[in-house]
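Chains as they are written, first to last, in the numbering used here: chain A, 314 to 411; chain B, 352 to 968; chain C, 23 to 220. Yeah, the Cβ is synthetic: ideal placement off N, Cα and C, and Gly gets one too.
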């Protein structure tokens, strides 16, 4: 996560990342269909989609290579959404009842 | 730049067209300010109707229906069309000047925000002439806001507020970017004036809170027009969700309204006490703390909805805690005045009035954090008293302090002091006469939002006092308008630096040239302008420097390029106005919505094809 | 997307327009996170409230997987367009921009088809809070995709019209950041709304 590294990814890297994204999506769909995994399906799927999220944000959106400032704003919004709306759902008993 | 290209300065367009196409942050700031003052009069008249109705038991002035419209529009107007745009006016005008910039980061986007705000304000106001104004309260609680008894009133409200929200998000992005990227050399974040700091924090609050209420407002609109069931309890929806989405925005909004006033007072008191702000960094960090904590207290508006003991206890605690950074600031201001040579002019009076009234309103606010007591106070006049002490006594007094302080910079003339003092004392006395009795009324059980009260309930005397007070208050505001008009026409010439002030906006001319500064200042200290004027003598006291010469601001530097006027911002925002007007009258109005979409696209497209800086022929 | 900064060529101090605009777009995206966060939270609250209507069984996972894949690949073409613009290879840039817009339109067409199918199976915005929150969430996402398509076509048009400025690549990057954001929102929706509910 170095600030100064200006070694930008090449189209080759982008194609590879797209390949990884495709594979993860395929695995996600498979996981959703395998009944044996039902008890742990939520954590697996959330982890996999978080991985996709990080790949797109970090490489396609260059957040990994850009000013730290941008990262802060984006993650501030993300943390706010999780905390505030998570808190709201908590008062409805939605996330704990599940 | 070495090449001596001549300066490109937009030809001084005058008249209405000049104002409609302006991209100058100072002109846009003035537009915000004047528009907000007009709405202030509208909202004030609505308040006087309410007080006239309640002056005596069984009032006959308004029907129940008209009363509902009045209190809804009074609050909506005062919050969204008065206090917020007044703050935006100051931010627009003074944020670039205080940080030593030539304009905001996106001048045309800035104009777009203003026109969108104006059209949304007009949109809300015209509802009155086409079947009645919104009437379900400024908080629009579902299912009041989603029932379809009167066909379109709350559609105006939901769409109008959402459009105002878009305008605010756009200007917040603009201000944040300006603060982060446009500061003069040497102007580190911690050297930034406190008002600029508070402006930036407010922008972040709006940025992160408005999207949540936007979703809620869309849901209200869809419930009314598409038959969705978001807040329809009979169909399985949950009206409490609306309260969450509203107050997730609504509480940060409270700090959106008060932080600019705190910023203004933090500029005014040091100037007139002739001392630096006491514990300056502490004031800034308290502001940041308020910004974060302001997001964590929303549910204290909902103690009576049955959140459960865990949530109630948690929100009671966060509500108590947020009083701490606020209290810190009070002591900072008192510490600034302490031992200073306080010059008690109108601006300083309003600033001290702010502290006094805000302490009262803040303390009555803390009483709400105790949730059992809050159940008693909820929906009573006690709450009305509380938030008028913070919003009128706080935000409005702070803004008036700012108007007296910066009027000479904007117009080149001083506001009259004699009328100014009358203005202050009438508003101060009127404000306390109006709102102090409401504490008693509320604790004695008088509910809010009821258009009549019976005789002999013990409410008669205090209601009459409050009504008398409201007219005293209105008279004070009238004196201000007279004063502003007279001073603008033939007030005493102010000069560039009438208060011997501390921040950069006073180092340029009054009014500032279109390019703000002939030379971008190099900042070397906090209160940089002060240090250019004053050194320290042998006894360690401030002494005027002999070698201080004001910078000549009259000649624009060569090679200066300023943004050209553009009519695309007003065109694009007018398209949005057409779109929302059409959305009220589904399905036939959708024709207008379609036409509006075309106009907006036209505006946006023309905008993107037009250069910001164009040569003039 | 082509707002310029107040250009001040005289000053010793010169705000980098790249940094100015990227700051603005990231700040804006931070705000958008809360917008979609609120919509997704509404869906989570109402996901089991299906009333008398159908629930998540109407979802056609294979179909939605394909359209998710289409949107993911549009992020690839978008980043390739951006990469071409950094090399000032305007021809390639236009090709990839149009490809991205095309994939976006395919995704939208898929959404229209999907919505029509659901309505046929008895799920509408008025059937249940589940239906309301599903359609409004995915509908707002679709509206964002549509805006993105307009931005992409507009950028490509400006490029064809020969309106090249030194900062042309910048516009592509701005549109790209917005487009990728819309894509990651769909990554979240696909998992939370579709896969986790069936």
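Just so you know, the alpha carbons of residue 337 of chain A and residue 379 of chain A end up roughly 25 Å apart. With the rule of 3 Cβ pairs closer than 8 Å, the stretch 438-453 of chain B does not count as touching the stretch 474-483 of chain B. Within the stretch 371-386 of chain A, the residues whose Cβ lies closer than 9 Å to any Cβ of chain B are, in chain order, 382 and 386. About 3 Å separates the beta carbon of residue 697 of chain B from that of residue 771 of chain B, a gap short enough to meet the 8 Å contact definition. Taking 9 Å as the cut-off, the beta carbon of residue 923 of chain B is found no closer than this to the beta carbon of residue 945 of chain B.
Residue burial annotation: residue 327 of chain A is buried, with at least 16 other C-beta atoms found within 10 angstroms of its C-beta. Of the residues C:60, C:44 and C:37, the one whose Cα lies closest to the Cα of residue 600 of chain B is C:60.
For residue 764 of chain B, the three-state secondary structure derived from DSSP is strand. Between residue 693 of chain B and residue 623 of chain B, the alpha-carbon positions lie close to 6 Å from each other. In this structure, residue 638 of chain B sits near residue 552 of chain B, with a CB-CB distance shorter than 9 Å.
Residue pairing of residue 731 of chain B in beta bridges, as defined by DSSP: B:798.
Counting only runs that start and end inside the stretch 514-589 of chain B, the alpha helix (DSSP H) elements of at least 4 residues fall at 545-576. In this structure, the CA atom of residue 381 of chain A is about 14 Å from the CA atom of residue 47 of chain C. Burial is judged here by how many other beta carbons sit within 10 angstroms of a residue's own beta carbon; residue 420 of chain B has at least 16 and is buried. Look at residue 107 of chain C: its C-beta is not under 9 Å from any C-beta on chain B. Restricting attention to C:43, C:38 and C:37, the CA atom closest to the CA of residue 196 of chain C is found in C:43. Look at residue 532 of chain B: its C-beta is under 9 Å from a C-beta on chain C. Under a criterion of Cβ atoms nearer than 7 Å, the residues of chain A adjacent to residue 559 of chain B are, in order, 390 and 393.
A direct Cα-Cα distance of roughly 10 Å separates residue 540 of chain B from residue 877 of chain B. In this structure, residue 571 of chain B and residue 514 of chain B do not form a Cβ contact; the two beta carbons are roughly 14 Å apart against a cut-off of 8 Å. Against chain C, a Cβ distance below 8 Å from residue 331 of chain A picks out 94, 95, 97 and 98. A Cβ of chain C is located within less than 9 Å of the beta carbon of residue 581 of chain B. Under a criterion of Cβ atoms nearer than 8 Å, the residues of chain C adjacent to residue 324 of chain A are, in order, 102 and 105. Under the three-state reduction of DSSP, residue 370 of chain A is assigned to helix.
For residue 484 of chain B against residue 423 of chain B, the beta-carbon gap comes to about 7 Å, under 8 Å, which counts as contact. If you check each beta-carbon in the stretch 138-159 of chain C against every beta-carbon of chain B, the ones closer than 9 Å belong to 146, 147, 148, 149, 150, 151, 152, 153, 154, 155, 157 and 158. Residue state for residue 690 of chain B is assigned as coil, using DSSP reduced to three classes. Less than 9 Å divides the Cβ of residue 794 of chain B from the Cβ of residue 728 of chain B. Residue 860 of chain B and residue 759 of chain B have their C-alpha atoms roughly 10 Å apart.
Residues of chain A whose Cβ lies closer than 7 Å to the Cβ of residue 74 of chain C do not exist, since the nearest Cβ in that chain is about 22 Å away.
Under the 8 Å Cβ criterion, the stretch 403-412 of chain B counts as touching the stretch 812-822 of chain B, having at least three qualifying pairs. DSSP places residue 440 of chain B inside the alpha helix (DSSP H), whose first and last residues are 435-449. Residue 530 of chain B and residue 547 of chain B have their C-alpha atoms some 8 Å from each other.
Pairing residue 605 of chain B with residue 521 of chain B gives a Cβ-Cβ distance that is not under 9 Å.
Taking a 10 Å sphere around the C-beta of residue 871 of chain B, we find 16 or more other C-beta atoms and assign the residue as buried. Of all residues in the stretch 573-601 of chain B, only 589, 591, 592, 595, 596 and 599 place a beta-carbon less than 9 Å from a beta-carbon of chain A.
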